[in-house]
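Read in order, the letters of the sequence shown correspond to residues 29 to 109 in the working numbering.
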Amino acid sequence: MKIVVHEVHRGYIENPELYIDEPVWDWQQSEKGKWVITHSRSKPVWVTVPDYVNDRLIFRITADLEGNDITYFNLKWGNYK
(Lines of atoms letter the chains of each structure in order from A and count residues from 1; the text may use other names and numbers.)
(Lines give C-alpha, C1' and ligand atoms only; values in the text may rest on other atoms or scores of the structure.)
Protein backbone atom coordinates (compact mmCIF):
# COMPACT_ATOMS: atom_id res chain seq x y z
CA MET A 1 0.00 0.00 0.00
CA LYS A 2 1.39 3.40 -0.92
CA ILE A 3 1.51 5.83 1.99
CA VAL A 4 2.94 9.31 2.47
CA VAL A 5 6.08 9.00 4.59
CA HIS A 6 7.41 12.56 4.48
CA GLU A 7 6.40 16.08 3.43
CA VAL A 8 8.36 19.25 2.75
CA HIS A 9 6.55 22.58 2.46
CA ARG A 10 7.94 25.45 0.38
CA GLY A 11 6.58 28.73 -0.89
CA TYR A 12 5.98 29.03 -4.61
CA ILE A 13 9.33 29.09 -6.38
CA GLU A 14 10.28 29.14 -10.04
CA ASN A 15 12.24 25.87 -10.20
CA PRO A 16 11.05 23.77 -7.25
CA GLU A 17 13.22 20.77 -8.17
CA LEU A 18 16.35 22.85 -7.50
CA TYR A 19 15.24 23.65 -3.95
CA ILE A 20 13.95 20.23 -2.90
CA ASP A 21 17.19 18.28 -3.37
CA GLU A 22 18.67 19.16 0.03
CA PRO A 23 15.58 18.33 2.17
CA VAL A 24 15.08 15.04 0.30
CA TRP A 25 18.77 14.16 0.72
CA ASP A 26 18.58 14.96 4.45
CA TRP A 27 15.50 12.74 4.77
CA GLN A 28 17.24 9.89 2.91
CA GLN A 29 20.17 10.07 5.36
CA SER A 30 17.92 10.07 8.45
CA GLU A 31 16.97 6.94 10.39
CA LYS A 32 13.41 7.24 9.10
CA GLY A 33 14.49 7.65 5.47
CA LYS A 34 16.92 4.75 5.56
CA TRP A 35 14.29 2.49 7.12
CA VAL A 36 11.67 3.44 4.52
CA ILE A 37 14.10 2.93 1.62
CA THR A 38 15.05 -0.50 2.99
CA HIS A 39 11.48 -1.69 3.63
CA SER A 40 9.64 -0.19 0.67
CA ARG A 41 8.60 -2.71 -1.99
CA SER A 42 9.56 -0.21 -4.71
CA LYS A 43 11.71 2.90 -4.76
CA PRO A 44 10.06 5.77 -2.82
CA VAL A 45 8.98 8.63 -5.09
CA TRP A 46 8.18 12.28 -4.51
CA VAL A 47 5.50 14.41 -6.11
CA THR A 48 4.77 18.12 -6.03
CA VAL A 49 1.29 19.12 -4.89
CA PRO A 50 0.08 22.73 -4.94
CA ASP A 51 -1.47 24.04 -1.72
CA TYR A 52 -3.61 26.90 -2.98
CA VAL A 53 -5.08 27.73 0.43
CA ASN A 54 -1.68 28.42 2.01
CA ASP A 55 -0.02 29.61 -1.24
CA ARG A 56 2.80 27.08 -1.22
CA LEU A 57 4.00 23.80 -2.66
CA ILE A 58 4.00 20.48 -0.83
CA PHE A 59 6.58 17.86 -1.77
CA ARG A 60 5.31 14.44 -0.71
CA ILE A 61 7.43 11.31 -0.54
CA THR A 62 5.41 8.12 -0.87
CA ALA A 63 6.52 4.54 -0.32
CA ASP A 64 4.95 1.16 -0.97
CA LEU A 65 4.88 -0.60 2.41
CA GLU A 66 3.19 -3.82 3.52
CA GLY A 67 0.92 -4.35 6.54
CA ASN A 68 3.44 -4.95 9.35
CA ASP A 69 5.78 -2.30 7.97
CA ILE A 70 2.96 0.27 7.85
CA THR A 71 2.14 -0.51 11.49
CA TYR A 72 5.80 -0.23 12.52
CA PHE A 73 6.21 3.05 10.61
CA ASN A 74 3.11 4.59 12.20
CA LEU A 75 4.06 3.44 15.71
CA LYS A 76 7.67 4.65 15.41
CA TRP A 77 7.18 7.93 13.54
CA GLY A 78 3.45 8.60 13.81
CA ASN A 79 1.65 10.74 11.32
CA TYR A 80 3.92 12.12 8.59
CA LYS A 81 2.83 15.73 9.22
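Where is the CB? At the ideal position from N, CA and C, for every residue including glycine.
- Contact fails between the region 60-71 and the region 39-51, because fewer than three Cβ pairs, one in each stretch, are under 8 Å apart.
- In the DSSP assignment, residue 98 falls within the alpha helix (DSSP H) that extends over 95-105.
- The distance from the Cβ of residue 105 to that of residue 71 is about 19 Å, inconsistent with a contact at the 8 Å cut-off.
- A residue is called buried once 16 or more other Cβ atoms fall within 10 Å of its Cβ, and residue 89 is buried on that count.
- Non-local C-beta neighbours of residue 36 in its own chain, meaning closer than 6 Å and more than five positions away in sequence, comprise 51 and 87, ordered along the chain.
- Collapsing the DSSP output to three states places residue 78 in a strand.
- Between residue 31 and residue 103 a beta carbon distance of about 13 Å is seen, past the 8 Å cut, so the two are scored as non-contacting.
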